[in-house]
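Report on one structure; see the data block that follows.
In this note's numbering, the protein residues as written are 4 to 269.
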């Protein structure tokens, strides 16, 4: 009886040892196969890219107005720039991921403003079109999806200057209107899309200069749009100005409520 029991214990121990050995070998084989498969993975290859071509100004509709997003630095891993909406400028920075058909930029605003959030720009490699989204850090603020268009620098083929009867163009706008007169004050246009209006409020005894910030863009060659930040002077926060040009006068832009923008060239 003892012999039979001892034999049973021996056989059981042997079977257990074989089972454990088999399980260990299976795990080892599986690990080796996984490591081998991982070693065969090849990082996706992309043609050499000049990321500087992604730099520039991108403009599009954003909620109740338009937004300018300016990328000042871009490489294969990082992007830096800023955005301007109704005169408010916010820095942005974040990551760049290259995909098969597009570049994906995830750009964070600083976070110290209640309206800060995260932009995601998907820039098509095929045609440069940009699908974008913005998610506020504050979950109570609705997210936005929108499209952007890169502003291209074009040359004016007209060899005549404005003074010689040449046609006014968007490119010559900054030459004449970087500093201009508007109503009761002066307006300064900046190339990055910011506009600043300065004036002295009527009847103010201490003559404290007031500043109203805004954003500007052209919707076509002869239509200038300005969107002002909240202020007490302009009833219309969004204004359209039409170019007026003839041979006898310098160019000007006529807007609502008889407002006219004249270049400050004197």
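From the three backbone atoms N, C-alpha and C, an ideal C-beta is built for every residue, glycine too.
Relative to the Cα of residue 112, the nearest Cα in the group 73, 106, 50 belongs to 73.
Under the three-state reduction of DSSP output, residue 212 falls in the coil class, being neither helix nor strand. Between the alpha carbons of residue 96 and residue 61 lies a gap of roughly 15 Å.
Considering only 107, 177, 117, the residue with the shortest C-alpha distance to residue 142 is 117.
Taken in chain order, the whole beta strand (DSSP E) runs of length 3 or more contained in the region 87–146 are 91–101, 105–111, 120–127, 133–139.
For residue 255, the number of other beta carbons within 10 angstroms of its own is at least 16, and it is reported as buried. If you look at residue 176, you'll find it isn't in any beta strand (DSSP E); it sits in the alpha helix (DSSP H) that goes 176–180. Contact annotation: the region 209–227 does not touch the region 135–150, with fewer than three C-beta pairs closer than 8 Å. One alpha carbon belongs to residue 181, the other to residue 196, and they sit about 11 Å apart. Of 243, 83, 52, the smallest CA-CA separation from residue 102 is found for 52. For residue 80, no beta strand (DSSP E) segment is defined, and its DSSP state is neither H nor E. Residue 234 and residue 215 do touch by the CB rule: their CB atoms are close to 5 Å apart, below 8 Å. A distance below 9 Å separates the beta carbons of residue 183 and residue 264. Secondary structure at residue 251: coil, using DSSP grouped into helix, strand and coil. For residue 234, no beta strand (DSSP E) segment is defined, and its DSSP state is neither H nor E.
For residue 52, the three-state secondary structure derived from DSSP is coil.
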